[in-house]
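K.L.:
Residue numbers (my numbering), protein chains in the order written: chain A, 1 to 221; chain B, 1 to 144. Ideal placement from N, C-alpha and C gives every residue a C-beta, glycine not left out.
#1: Can you check whether the C-beta of residue 225(A) is within less than 8 Å of a C-beta belonging to chain B?
#2: Which residue wins for smallest C-alpha separation from residue 71(A), given the options 27(A), 170(A), 171(A) and 142(A)?
#3: Does residue 126(B) pass the burial test, meaning 16 or more other C-beta atoms within 10 Å, or should it be called exposed?
#4: Can you grab the Cα-Cα spacing for the pair residue 6(B) / residue 93(B), in whole Å?
#5: If you draw a straight line from the alpha carbon of residue 111(A) to that of residue 85(A), how long is it in whole angstroms?
#6: So, helix, strand or coil for residue 113(B), using DSSP?
#7: Which residues, in order along the region 36-67 of chain A, keep a beta-carbon less than 8 Å from a beta-carbon of chain B?
#8: If you measure from the beta carbon of residue 117(B) to each beta carbon in chain A, is any gap under 8 Å?
#9: According to DSSP, which residues form a beta bridge with residue 50(B)?
#10: Taking beta-carbon pairs under 9 Å, can you tell me which members of the region 106-120 of chain A lie near chain B?
#11: Counting only beta-carbon atoms, is residue 87(B) nearer than 8 Å to chain A?
#12: Using the Cα positions of residue 137(A) and residue 167(A), report the straight-line distance between them to the nearest angstrom.
#13: Considering residue 214(A), what are the terminal residues of the alpha helix (DSSP H) in which it resides?
#14: Find the residues of chain A that neighbour residue 122(B), judging by a C-beta separation of less than 8 Å, and give them in chain order.
#15: To be precise: take each residue of the region 48-64 of chain B, compare its Cβ to all Cβ atoms of chain A, and keep it if any distance is under 8 Å. Which residues remain?
#16: Closest to residue 98(A) by C-alpha separation, out of 11(A), 128(A) and 193(A), would be which residue?
#17: Between the Cα of residue 19(B) and the Cα atoms of 36(B), 81(B), 49(B) and 2(B), which residue gives the shortest distance?
#18: Using a Cβ cut-off of 8 Å, which residues of the region 98-116 of chain B contact any Cβ in chain A, in chain order?
#19: State whether the region 39-53 of chain B contacts the region 69-88 of chain B, with contact taken as three or more CB pairs (one from each stretch) at a distance under 8 Å.
#20: Compute the distance between the beta-carbons of residue 202(A) and residue 146(A), then report whether it is under 8 Å.
#21: Identify, in the order they occur along the chain, each residue of the same chain with its Cβ nearer than 6 Å to the Cβ of residue 115(A), setting aside the five sequence neighbours on each side.
#22: Alpha carbon to alpha carbon, what distance is there between residue 54(A) and residue 91(A)?
#23: For residue 42(A), report the span of its alpha helix (DSSP H) as first-last.
#24: Chain A partners of residue 83(B), CB-CB under 7 Å?
#25: Classify residue 76(A): buried if its beta carbon has 16 or more other beta carbons within 10 angstroms, exposed otherwise.
#26: Going by DSSP, what residue range makes up the beta strand (DSSP E) through residue 87(B)?
#27: Using beta carbons (cut-off 8 Å, strictly below), is residue 99(A) in contact with chain B?
#28: Measure the alpha-carbon distance for residue 76(B) versus residue 70(B) and round it to whole angstroms.
#29: Pick helix, strand or coil for residue 18(A), following the three-state DSSP scheme.
#30: Considering only the beta carbon of each residue, do residue 32(B) and residue 3(B) sit closer than 8 Å?
#31: Okay, do the region 202-213 of chain A and the region 8-25 of chain B touch, 3+ Cβ pairs below 8 Å being the bar?
#32: Go through its chain and collect everything with a Cβ distance to residue 181(A)'s Cβ below 6 Å, but skip five positions before and after it.
#33: For residue 175(A), which beta-bridge partners are listed by DSSP?
#34: Taking only beta-carbon atoms, is residue 86(A) less than 8 Å away from chain B?
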């Protein structure tokens, strides 16, 4: 595989090292002279010096071949967006992965069609949030590979779902109610099942829909 | 009829002059810059809008009235910042007229081909310089 890595900071340098160890061909572009000197010492001719948002520099790196992958990993979101756009739209690069430094800029990447992004802050926040028990929702089992979890929700008397048939609940996409435990018995959930106070509901939900599921069953609090 | 509304993002030498020019023409202008110091460039009589913040920040754009702007001029110090903001204004706010300053001729051409109205001062200077050298040389060869 041929990969162009733009930006030789911690992310770019470490990815370059790993890709080389895996036997891939890499060109790393770094603008800052001090960084470039250090990277050149380690990587030799793999590193070229220049502004990776300049088309002539990208061409020197072989953007016209085109590479199988462009990784835009600079510390500047605008630069990463432009690098990805030039690669994908200008040279038909099949895959561009962009680093998002400021999570607030994620929406701009989405809007401009750079769909593959990595944001360390968002990832870490996601992990942290996952560790915080959500009020009223107990995570019983995590299916990591599937991105799903099995959760239990206890329906309270003031829950908005009380008295509503399952078919009438507006549950988030990526969630299914499995069963209800009430009066010492477990029943499988049917569309006609009506939620009662004290019900213990078992559900399968995708990681990103868990919070909405809680809201749908327990209300926003 | 309401005045036509323009937002000028990046209030350096160019942006400030553009903002003043449009305001003098009777446009309802809001200037936007990261630094409060930029207000000085608009002159002591500036009575139109001025917003401090980064043009990538949606809340800042909305404070500047982007939602109902008719035109926007993007002229910050960074080419990449300008082309990204320009595209966001076109796609997110559907501003009819978005003009973007791009100093690098190659990038200006690349984004012009993709529907962004880019103005490249460097290209203008290159063309003007070549043109005036040609004209001078012609004059000389004509007079000798």
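P.N.:
Put simply:
#1: Because chain A spans 1 through 221 in this model, residue 225(A) falls outside it and cannot be assessed.
#2: 27(A)
#3: exposed
#4: Their backbone Cα atoms lie some 13 Å apart in a straight line.
#5: 12 Å
#6: coil
#7: 53, 54, 55 and 56
#8: no
#9: Beta-bridge partners assigned by DSSP to residue 50(B): 31(B).
#10: 107, 108, 111 and 112
#11: So, interface residue.
#12: 21 Å
#13: 210-218
#14: Going along chain A, no residue has its Cβ under 8 Å from residue 122(B), so there is no contact; the nearest lies around 13 Å.
#15: So the list reads 56, 57 and 58, given in the order they occur along the chain.
#16: 11(A)
#17: Cα-wise, what sits closest to residue 19(B) is 49(B).
#18: Those residues of the region 98-116 of chain B that come within reach of chain A (Cβ to Cβ, closer than 8 Å) are 104, 106, 107, 110 and 114.
#19: Counting Cβ pairs under 8 Å, fewer than three are found: no touch.
#20: no
#21: none
#22: 14 Å
#23: Taken as a continuous stretch (DSSP letters only), the alpha helix (DSSP H) holding residue 42(A) covers 33-43.
#24: 82
#25: buried
#26: It is not in any beta strand (DSSP E) - residue 87(B) instead sits in the alpha helix (DSSP H) that spans 79-92.
#27: no
#28: Taking the straight line from one Cα to the other gives about 19 Å.
#29: In this structure, residue 18(A) counts as helix in the three-state DSSP scheme.
#30: no
#31: With a cut-off of 8 Å, the region 8-25 of chain B and the region 202-213 of chain A do not count as touching, because too few Cβ pairs lie within range.
#32: 200
#33: 205(A)
#34: yes
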